[in-house]
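A quick write-up on the structure given underneath.
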Amino acid sequence: ETAARLSSSKTAGIEKPAESFTLSLESSDDEAPEEVTFEDSKAAALRSMKQALDTARREKQLLKEKRRKRQELFQEQKKRKLLSADVLEEIDSASSNLKGKYTVTTVKERTLASFQQQVAEEFIRSRLYGPGTCRTTNNEMLSLQNKKGWNKSAAVQFVKKDWGTFRTSLRLMTRGSLLQLLQSSWCNVSSKDKKLKKEKKDFIFS
Amino acid sequence: MGEFKVHRVRFFDYMPSAIRTMAFNSQTERLAVARADGAVEIFNFNDNFFQEKVIPGQDGRATEALCWVGHRLFSAGLNGEITEYDLENLRPQYTVDAYGGPIWTISSNSQGTQLAVGCEDGTVKIFAILEERIQFQRNLNRHKGRIISLCWHPSSAQIAAGMTDMIKIFDAETGHATRRLLVDRAMGASKNKEVVVWSVGYLSDHTIISGDSAGKVQIWNGLTGTLVRTYLVTKWDVLVLSVSKDESSVIAGTSEGTVIQFQFISSTVDQHDKEWVRTRTFRNHSHDVSALAHTDTAVVSGGMDTQLVVRPLLDKVEKNTQESALRKIAFPHRSLVGCAKKAGLLLFQFPDRLELWKLGESEGHVCLMYPYFVCRFLQGEDHICCSALSACGGWLAYSTVSSVRLYRIQYNNTISINKVGTLARACSRQPVHLLCASDDGKWLATANTDCEIHIYNLHKMKLHCMVPVYNSCPTTIAIHPVTNNLISVHADQQIFEFSLVQKEYTQWSRRLQAQGLLSLWLERDTPITHITFNPKNPDHIILHDTYMFCIIDQSLPFPELNAVLWNQMTLKSLPVSQRIGQSHAFKICKSFQHLMCVSLLEDLSLVVVERPLLDIMSQLPAPVRQKKFAT
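Protein sequence lines correspond, in order, to chains Y and H.
Going by the working numbering, the first residue of the first sequence is number 16, and it counts up by one from there.
Going by the working numbering, the first residue of the second sequence is number 101, and it counts up by one from there.
Encoded structure:
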């Protein structure tokens with residue numbers, strides 16, 4: 016694609032000048048959009064779940080490592096007073112040997128910050144949703160509403176089969192089985208939908 | 101009149117994000133709302149609560165607190181940063197790391213000269229608010245635990261800070277903690293659990309009000325450091341407090357979903373012996389209320405159920421009017437669905453991705469809706485602002501705070517996608533929130549949050565004209581493919597039609613204004629977010645809000661003021677010959693809810709994208725378990 020430049024000229028008699036805009040092909044390091052099939056998206060979901068678990072494990076390791084290093088530092092500081100002269104001498108002689116045999120790595124600052132953020136988020140989560148917080152499920156709450164409301168109806172689980180999972184399984188189906196499902200029972204998910212299915216699917220305006 | 105096949109689409113998994121915090125600016129009558137995904141929304145309380153601006157979120161922003169300083173908006177979050185927002189260009193202007201770890205709370209003093217933030221590391225940090233930035237001044241004395249909440253005394257001389265098991269009063273000048281208020285833990289089994297002071301308020305008379313995780317609202321004398329009164333309002337947490345400007349009323353939000361009001365009133369006739377008394381309880385939420393704003397006339401609340409609720413106080417407004425009605429805002433005030441009418445494609449916009457779906461074909465009268473998933477566009481850290489799909493489905497564009505991307509899509513047996521380019525965002529004075537082009541590619545119309553609508557001639561590449569400014573913000577605009585008239589609908593539900601060629605309102609529009617819209621139309625509490633047209637009947641204008649879609653037939657008379665607005669069922673029951681007498685221009689259908697988009701494909705089938713609230717509720721976090729009698 017060639018770069019196209021579209022610009023506006025000054026507009027006579029109108030106070031606000033029109034904005035100029037350019038459309039150009041830039042090389043960038045953004046990813047191209049993905050083209051995903053049903054099988055791929057299922058695999059992707061599993062992959063991201065595994066990734067999340069891995070990240071959690073890694074952060075735990077990092078924390079362990081941090082604690083261990085701090086412990087070591089304290090031990091080191093205790094010893095340092097007695098050994099300072101020797102240590103300096105050792106370092107002096109060692110530095111010439113170390114050339115080219117060591118690597119310097121910058122610890123990413125974000126790692127510590129994101130770890131602290133996770134601790135803070137975990138604090139909220141445990142205070143609001145942790146043990147002893149007396150929570151229930153949305154399913155149960157809505158079922159109670161159904162039972163106590165003006166139009167009493169059945170518990171939500173009964174009315175809406177495959178609660179929550181319907182949408183997910185829909186996405187992961189192959190096109191063939193999806194077609195079968197839709198032809199047979201598309202509107203059978205809730206009693207309200209059943210009623211609408213009985214009416215003509217076409218909508219007529221008078 | 102018309103028979104339409106309907107594609108009923110319910111596979112747009114739109115999930116709104118929880119409301120974390122909010123702040124009301126009484127000068128400008130704007131409410132800023134921060135969501136869990138980092139997005140910030142601005143609602144105009146002067147223009148029918150229209151969601152006029154949305155600043156998209158960002159991965160990891162984790163906003164915990166918002167604060168207005170004059171016209172400037174600041175936020176702070178668990179990422180340890182303070183952000184100031186550019187409300188003209190709808191993006192963060194800059195961020196400052198506070199170097200105190202995650203930030204839990206932010207508040208400015210009454211003069212607007214200093215910002216105080218409460219940090220994870222136990223410090224309250226003071227920043228000076230300068231003209232284009234903020235600058236770190238100093239820390240108050242460090243506390244051993246995290247600072248969860250804080251509030252300035254109106255004199256700016258003291259700061260009350262809520263922590264775990266206590267509240268400390270700091271001298272803002274010296275930084276010393278002058279008083280410690282010890283907060284009782286919960287009774288019984290939870291005695292070992294620390295109590296967290298989630299929110300504090302500091303009044304002019306040195307009264308301190310606190311809300312804590314043990315379910316208490318406590319009133320303290322800040323001068324003597326003594327507890328005046330305790331109210332146990334819930335078994336769960338009191339998550340947030342808000343004090344009215346005149347300090348006569350305080351509201352508390354709980355994990356139960358209730359909002360409890362306390363008022364400073366006297367039990368005796370002579371108005372002496374005023375004390376804080378619990379008055380009203382509002383139950384408008386199903387999940388935790390974590391954000392509150394107390395305006396002069398209303399209680400505004402939000403939380404984990406993602407809905408923004410405005411509850412007018414009946415002693416401040418006229419009863420039984422539009423003004424006193426409860427408002428619940430559950431869906432965005434802009435369209436997140438794009439429809440390629442010729443290609444039968446749908447584009448769904450999520451914060452972090454776009455999904456392209458192909459609608460199925462129909463056989464006879466049965467709509468076989470086997471939609472299939474075409475592809476996904478993944479976005480990175482910055483969330484998506486807006487997106488668009490061309491009618492032929494061959495062009496797709498979306499934008500973030502920093503760039504606009506354009507893609508060419510070709511459909512053969514496979515799909516090939518080519519990125520065409522990235523535009524850097526041009527800076528403009530007021531954010532353009534609506535944009536539409538005419539079908540013939542000659543005209544471009546834009547609308548901004550100053551209620552201005554500009555028309556550009558794309559052939560001559562210059563501004564054609566500006567539509568006369570109407571003082572309510574446009575919520576959607578569209579250009580008629582045949583007449584090239586611009587239809588605009590506004591936040592106050594008014595409709596206008598403007599001829600681009602003649603540069604004036606059309607006769608139809610003037611007649612509509614003269615007749616006036618029915619009150620049932622004007623009292624609808626969700627905005628029209630999309631307009632489309634009928635390729636076979638140029639008299640039709642199809643538009644929708646969350647609860648209905650409507651076909652306006654420009655060839656039919658307007659309803660009389662005493663006419664029934666929703667008359668479709670009545671007309672159906674009448675014999676055809678009698679229908680003409682009762683017919684009017686507004687054909688409304690309420691069979692489908694909650695509507696994210698209604699569009700008409702080239703083959704005259706209607707596409708109705710629904711997102712039932714029940715589907716959203718099923719995926720929210722866990723609510724508290726309430727023990728109800730006989731269940």
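C-beta atoms are modelled at their ideal positions from N, C-alpha and C, and glycine is treated no differently.
All values derive from a computational prediction rather than experimental measurement.
Would you report the Cα separation of residue i and residue j, rounded to the nearest angstrom?
i: SER673 of chain H; j: GLN693 of chain H; result: 24 Å
i: THR264 of chain H; j: GLU152 of chain H; result: 38 Å
i: LEU323 of chain H; j: THR307 of chain H; result: 8 Å
i: CYS527 of chain H; j: ALA260 of chain H; result: Low confidence applies to CYS527 of chain H: its pLDDT is 47, below 50, so where it sits in the model is not reliable, and the reading given next is rough at best. Their backbone Cα atoms lie some 41 Å apart in a straight line.
i: TYR144 of chain Y; j: HIS433 of chain H; result: 31 Å
i: GLN668 of chain H; j: LEU706 of chain H; result: 17 Å
i: ALA162 of chain H; j: LYS81 of chain Y; result: 24 Å
i: TYR511 of chain H; j: ALA491 of chain H; result: 14 Å
i: VAL582 of chain H; j: LYS542 of chain H; result: 12 Å
i: GLY157 of chain H; j: VAL400 of chain H; result: 22 Å
i: TRP457 of chain H; j: VAL698 of chain H; result: 15 Å
i: ASP370 of chain H; j: VAL377 of chain H; result: 17 Å
i: PHE686 of chain H; j: SER599 of chain H; result: 21 Å
i: ARG711 of chain H; j: LYS690 of chain H; result: 14 Å
i: HIS171 of chain H; j: PHE448 of chain H; result: 34 Å
i: SER683 of chain H; j: THR670 of chain H; result: 10 Å
i: ALA286 of chain H; j: TRP168 of chain H; result: 34 Å
i: GLY147 of chain Y; j: LEU454 of chain H; result: 39 Å
i: THR121 of chain H; j: PHE649 of chain H; result: 33 Å
i: HIS630 of chain H; j: SER304 of chain H; result: 48 Å
i: VAL297 of chain H; j: ILE267 of chain H; result: 7 Å
Would residue i count as contacting chain H if we go by Cβ distances under 8 Å?
i: GLU16 of chain Y; result: Unreliable placement is indicated for GLU16 of chain Y, whose pLDDT of 28 sits below 50; no coordinate value is reported for it.
i: ASN161 of chain Y; result: no
i: ALA60 of chain Y; result: no
i: THR70 of chain Y; result: no
i: ALA67 of chain Y; result: no
i: ARG85 of chain Y; result: no
Say whether chain Y places a C-beta atom closer than 8 Å to the C-beta of residue i.
i: ALA722 of chain H; result: yes
i: PRO202 of chain H; result: yes
i: SER117 of chain H; result: no
i: SER175 of chain H; result: no
i: ALA443 of chain H; result: no
i: LEU713 of chain H; result: no
i: SER313 of chain H; result: yes
i: SER401 of chain H; result: no
In chain Y, which residues lie less than 8 Å from residue i when you measure between Cβ atoms?
i: SER290 of chain H; result: GLY147
Just the chain Y side, please: which residues come within less than 7 Å of residue i by C-beta, in chain order?
i: GLU220 of chain H; result: GLN131, ALA135
i: VAL296 of chain H; result: ARG142
i: LEU178 of chain H; result: GLN132, ALA135, GLU136
i: PRO657 of chain H; result: Residues of chain Y passing the Cβ test: none, with the nearest at roughly 15 Å.
i: ALA685 of chain H; result: Per Cβ cutoff of 7 Å: no residues; ALA685 of chain H is ~12 Å from chain Y at best.
Show which residues of chain H have a CB atom less than 7 Å away from the CB atom of residue i.
i: MET156 of chain Y; result: SER386, PRO723
List, in chain order, every chain Y residue whose beta-carbon is nearer than 9 Å to that of residue i.
i: ASN585 of chain H; result: None at all; the shortest Cβ gap to chain Y is about 21 Å.
i: ASP43 of chain H; result: Since the first and last residues shown for chain H are 101 and 731, residue 43 of chain H lies out of range.
i: MET717 of chain H; result: ASN153, MET156, LEU157
i: ALA162 of chain H; result: GLN132, ALA135, GLU136
Hey, is residue i close to the ligand FMN, as in C-beta under 7 Å from one of its heavy atoms?
i: ILE365 of chain H; result: As presented, the structure is devoid of all ligands, the ligand FMN included, so that no description of it is given.
Which residues in the same chain have their Cβ closer than 6 Å to the Cβ of residue i, if we skip the five residues on either side of it in sequence?
i: ASP639 of chain H; result: ASP653, GLN654, SER655
i: VAL343 of chain H; result: GLY301, VAL350
i: TRP666 of chain H; result: ILE688
i: VAL410 of chain H; result: ALA398, VAL400, ARG427
i: ALA497 of chain H; result: ALA488, LEU506
i: VAL737 of chain H; result: Absent from the model: residue 737 of chain H. The displayed extent of chain H is 101 to 731, so no value can be given.
Counting only the same chain and skipping the five closest in sequence on each side, list residues whose C-beta sits under 8 Å from that of residue i.
i: MET469 of chain H; result: Residue placement at MET469 of chain H is poorly supported in this model, since its pLDDT is 47, which falls under 50; the coordinates still yield a value, given next. Counting only Cβ-Cβ distances below 8 Å, and skipping sequence neighbours, we find HIS107, ARG108, VAL109, LEU459, GLY460.
i: LYS84 of chain Y; result: none
Take residue i and list the residues in its own chain whose beta-carbon comes closer than 7 Å to its own, dropping the five residues that flank it on each side.
i: ILE155 of chain H; result: ALA139, VAL140, TYR185, LEU190, ARG191
i: GLU481 of chain H; result: GLN158, ASP159
i: THR549 of chain H; result: GLU152, LYS153, GLN530, PRO531, HIS533, CYS573
i: LYS727 of chain H; result: none
Starting from residue i, find everything on chain H with Cβ-Cβ shorter than 9 Å and list it in chain order.
i: THR5 of chain Y; result: Any answer about residue 5 of chain Y is impossible in this case: the structure gives chain Y only from 16 up to 221.
Indicate whether the contact test is met: 3 or more Cβ pairs, each with one atom in the region 572-592 of chain H and one in the region 653-662 of chain H, closer than 8 Å.
-> The region 572-592 of chain H makes no contact with the region 653-662 of chain H; the number of CB pairs closer than 8 Å stays below 3.
Determine, using beta-carbon pairs with one atom in the region 604-613 of chain H and one in the region 558-565 of chain H, whether at least three such pairs fall under 8 Å.
-> The region 604-613 of chain H, when compared against the region 558-565 of chain H, does not touch it at the 8 Å Cβ threshold.
Touching by the beta-carbon criterion (3+ pairs, under 8 Å), the region 352-371 of chain H and the region 389-403 of chain H = Yes: at least three Cβ pairs fall under 8 Å.
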